[in-house]
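J.: Count along the sequence shown from 1, add 159, and you get the number used in this note's numbering. Shown below is the structure under consideration.
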Amino acid sequence: MTHTWDPDPAPLTTAEEEILAESEAVSKLSQSQLDSFNAWVGSNNPGVLKAKSWITERYDLYYNTFSYSELVLMLKRAKYLSGNEPNNEDQVDFIVRKPGLGLPLGHMPDQEDRFPLLFMEDNYENGWRAATLLIRESCMLKLINELSDKPEWWRKVQDEAISSKWKKEALEMDWTSYRKHADFTSAMADACISELRNKAELYEKTGLMPVYDYTATVIKSDSLLTPDLAKALQEGVKPLEDVPPELKDWHPNSSEQVLDLVHPSLWPLMYGRSRVLSDRLIDVDNALASCGTGAVLRAPGSEQTTHIIGEGGFCEDEVVVLSNKFQWLPCDVDLDPETGKAKIVSYINNLHPQQHAQLYPIIEKFVEKSLPAWDIIYNWEDSFSVQRLTTDEAEYDECPCPDLCDIEDGYGCTPWRRPIGEDEEPRYDVESWEEMLADGEEDDREPDYYELGEEKAEDYKTNAVRRNLDDAWFASTHSAKLPDADPSAKDHVRIQPSDVKASGFFNNSSQIQVIVKLANIHLTPEKPVYNGGSWHTEGLLNEHIVSTALYYYDSENITDCTLDFRTCADKEDLAAEISYEQNMHDPIERIFDITLEGSIFQDIGSVLTKAGRAIFFPNVLQHHVSHFRLADPTEPGHRKILALFLVDPAIPVISTSNVPPQQKHWWTSQSGLDSGRGVMPPELVEKVVHHMDWPIDLEEAKKVRLDLMKERTSFKAEEESRFERMEWNFCEH
């Protein structure tokens, strides 16, 4: 069959590119599917109807998935890419398609094909939820974490004498100081010891210890960060640290306590300003040569950054979920499918690929060390999630004092049933019980029991001294139906050493993306206290961060510090699934680790952040750093941290392989303008460089950073506000 070819096929116009970029139908096709379509068009020169039949049949799509105009543009682009040599399906011109570059900014695979999102899910509603922890399981998680901080715990836990001592200490602890209604049973202690024995083999063989593990997990390790690797990083960052005072980059609003060595908020991707290459990739070796090249990336419109939550319902709300200004830039990292080795293949943003070349292989090693833990976290909920204690009822055992509680005021067993002492004032101002009965008999009506109950309830809420007495009496007389642990249960540790991969991570992905941050916290006798951080997850949806690796590679003269975790509960829709008596909400708070009038956040626990430790956690957990201070207030101290943020392997974003370096001083160094090479005199060179609007200098980059921080603070505040409005709702039933 003879094909007629346009001898000079035209590229798509900007407007046409925008139509395809914003097409939901086109965005559902993978890059490999589009490449195959382009190659097929190059070989067959089809018409619109033939192309429609081919693409819908080949990929099992609804016949009318694509509009006529979309198919016309897809054919036009395919013919342009194919050029005049349409004979080889494997030779298709390269084109980058990522969210915001060839794809809509909000493009994501289907929910089952990517990592969950904490703040929105299910077609931008609700969001990911963890199972609701019972108080007893929260206490068990705390004990397991603390015991696994002991030196050589994996060996000692096998010793009956030592484990018996640990059990005795656990039973003697004041658990109510940890959780208001907490207790700890012998069976709970035995179950914790049994779980630690099961995890001992995992830690000895892999160096990984899952803690606070249920629907999600935190993983800690005290063996991955070897002394040699820590020393290599300490030596590698010295050129970044040993700069004149005026060149030290103290993080804004940190009171010159947080020193940024490498931070993604400097020179980020700037929509409408940054330049990108969509037809080729930038690697580490040619990064500097690419400075100043590329086309300006179009800024996305507001329709790409907002989504309707609860569309069509009473609570419909338009929420901005993406930034149309900035995105942190990850580097691309190739993974060897056979060996699991990692190779950084595009420059690390703000880490000069030549001047700091010695750091690249060191950071590669840290990425390699992170891969097994990241892979576990990525697959945790489907493969390894556990729940040690469950219940489908929130009720008290049989009431021990029915003479006090069986009163027809609609409240049942409550703390304010406690008989008051002789020296206490009455609980209410209305007529006495006897007067109410008398009035009821005289008027031939039932007494207003509910009014009396309301008065007692109000007195309980407003009188703090009496409330403490009431609570103590109630706790000692009314016990909730609490499930106990099963020490013989085998399914509390689903993960085995064989599940920890050495290669083939993230379903055999050949490449991942990682955002790198290096920061030091410095304390001095004049500034001896670090006040800690705020609750947050990492990045915005633009970055699609799914997991964090923190390496505490150097600490000196500081007190203990923890990383605290919390997340949204109610995966099981607790209010609908558990049985509880009408108006009897108190048992719920006695059993589940929640506050009925509070948000659905649950505090999970804290992990010690000691020197030499690595901590990995998913981005569905909020975290915050506790305060710490100088151990010796007369001497300075510091903490040095390497943070690695993993981008969802299912959603590659615009990276340093697409964006030429934006640092003006990198460009002037590469071009030779800063050293007088070339034909222009130095004073003219200085004027030329000063008036160039691209790349941008450090002063402007710092202004951009402030704008980025301001925007992200606003995003996080709005996100937090939405979370706080999500409260437990145990209605009457």
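Quick reminder that beta carbons are idealized off the backbone N, C-alpha and C, glycines included.
Roughly how many whole angstroms lie between the Cα atoms of residue 850 and residue 819?
T.: Caution is warranted here: a pLDDT of 48 is assigned to residue 850, below 50, making its placement in the model unreliable, and the coordinate value is therefore given only provisionally. So the alpha carbons of these two residues sit roughly 20 Å apart.
J.: Are the CB atoms of residue 774 and residue 293 nearer to each other than 9 Å?
T.: No, the Cβ-Cβ distance between residue 774 and residue 293 is not below 9 Å.
J.: Out of curiosity, what's the CA-to-CA distance linking residue 696 and residue 227?
T.: Cα to Cα, residue 696 sits roughly 42 Å from residue 227.
J.: Comparing alpha-carbon positions, which option in 217, 439, 714, 187 lies nearest residue 772?
T.: Among 217, 439, 714, 187, the Cα nearest to that of residue 772 belongs to 714.
J.: Pair every Cβ in the region 703-722 with every Cβ in the region 449-466, then say whether three or more of these pairs are closer than 8 Å.
T.: With the cut-off at 8 Å, the region 703-722 and the region 449-466 do not touch.
J.: In chain order, what residues of the same chain lie with their CB nearer than 8 Å to the CB of residue 867, ignoring the 5 residues before and after it?
T.: Only 424, 427, 484, 485 meet the Cβ criterion.
J.: How is residue 231 classed by DSSP in three states: helix, strand or coil?
T.: Helix at residue 231.
J.: Given 8 Å as the limit, is there contact between the region 660-675 and the region 522-540, that is, 3 or more CB pairs closer than that?
T.: Judged by Cβ distances under 8 Å, the region 660-675 makes contact with the region 522-540, as three or more pairs qualify.
J.: Count the other C-beta atoms from every protein chain shown that fall within 10 angstroms of the C-beta of residue 466, then say buried if there are 16 or more, exposed otherwise.
T.: Flag for residue 466 reads buried.
J.: List the endpoints of the continuous beta strand (DSSP E) containing residue 812.
T.: Element bounds for residue 812: n/a, residue is neither H nor E.
J.: Is residue 326 helix, strand or coil by DSSP?
T.: Residue state, collapsed to three classes: helix.
J.: By the three-class DSSP mapping on this structure, what secondary structure does residue 271 have?
T.: Helix at residue 271.
J.: Assuming residue 886 and residue 800 form a contact by the criterion Cβ under 8 Å, report the distance between their Cβ atoms to the nearest whole angstrom.
T.: Actually they are not in contact, since the Cβ atoms of residue 886 and residue 800 sit about 35 Å apart, beyond 8 Å.
J.: With a threshold of 16 other CB atoms inside 10 Å of the CB of residue 498, please say whether the residue is buried or exposed.
T.: Exposed.
J.: Compute the distance between the beta-carbons of residue 879 and residue 694, then report whether it is under 9 Å.
T.: The answer is yes: Cβ separation under 9 Å.
J.: Run through DSSP, which three-state label would residue 171 get?
T.: The answer is coil: DSSP assigns residue 171 none of H, G, I, E or B.
J.: Within 10 angstroms of the Cβ of residue 823, are there 16 or more other Cβ atoms? Answer buried if so, exposed if not.
T.: By the neighbour-count rule (16 or more Cβ atoms within 10 Å), residue 823 is buried.
J.: Leaving out the 5 sequence neighbours to the left and right, which residues in its chain are closer than 6 Å to residue 796 when beta-carbon positions are compared?
T.: The residues are 682, 715, 716, 717, 789.
J.: Is the separation between the beta-carbon of residue 730 and that of residue 173 shorter than 9 Å?
T.: No. Outside cutoff.
J.: With a Cβ-Cβ cutoff of 9 Å, do residue 211 and residue 218 count as a contact?
T.: No, they are not a contact pair.
J.: Roughly how many angstroms lie between the CA atoms of residue 706 and residue 367, to the nearest whole one?
T.: C-alpha separation (whole angstroms): 15 Å.
J.: Contact between the region 389-403 and the region 318-336: three or more CB pairs below 8 Å?
T.: These segments do not touch.
J.: On the DSSP letters alone, give me the boundaries of the beta strand (DSSP E) that residue 804 sits inside.
T.: Start and end: 796-806.
J.: Classify residue 208 as helix, strand or coil using the three-state DSSP reduction.
T.: Residue 208: helix per DSSP, three-state reduction.
J.: Three or more beta-carbon pairs under 8 Å between the region 299-308 and the region 348-361, yes or no?
T.: Yes: at least three Cβ pairs fall under 8 Å.
J.: Who are residue 262's beta bridge partners in DSSP?
T.: According to DSSP, which records beta bridges pairwise, residue 262 is partnered with 258.
J.: Measuring straight from C-alpha to C-alpha, what distance separates residue 289 and residue 728?
T.: Taking the straight line joining both Cα atoms gives about 5 Å.
J.: Please look up how many angstroms separate the CB atoms of residue 671 and residue 492, rounded, as I've assumed it's under 8 Å.
T.: The Cβ separation is near 5 Å, so the contact holds.
J.: Work out the CA separation of residue 511 and residue 419 for me, nearest whole Å.
T.: Looking at the two C-alpha atoms, the distance is approximately 15 Å.
J.: With H, G and I counted as helix, E and B as strand and the rest as coil, what does DSSP make of residue 420?
T.: Strand at residue 420.
J.: Where in the region 751-789 do unbroken runs of the beta strand (DSSP E), each at least 3 residues long, occur, reported from the N-terminal end onward?
T.: Entirely contained in the region 751-789, the beta strand (DSSP E) runs reaching 3 residues are, in chain order, 760-767, 773-777, 781-784.
J.: What's the gap between the Cα of residue 514 and the Cα of residue 435?
T.: When rounded, the distance between both Cα atoms is 24 Å.
J.: Would you say residue 652 and residue 518 are within 9 Å of each other, going by their C-beta atoms?
T.: No, these two residues do not count as a Cβ contact at 9 Å.
J.: Using the Cβ count rule (16 or more neighbours within 10 Å means buried), how would you classify residue 192?
T.: Looking at its Cβ environment, which holds fewer than 16 other Cβ atoms inside 10 Å, residue 192 is exposed.
J.: Report yes if the C-beta distance between residue 291 and residue 781 is below 9 Å; otherwise report no.
T.: No, they are not a contact pair.
J.: To the nearest angstrom, how far is the alpha carbon of residue 571 from that of residue 480?
T.: In a straight line, the C-alpha of residue 571 is about 45 Å away from that of residue 480.
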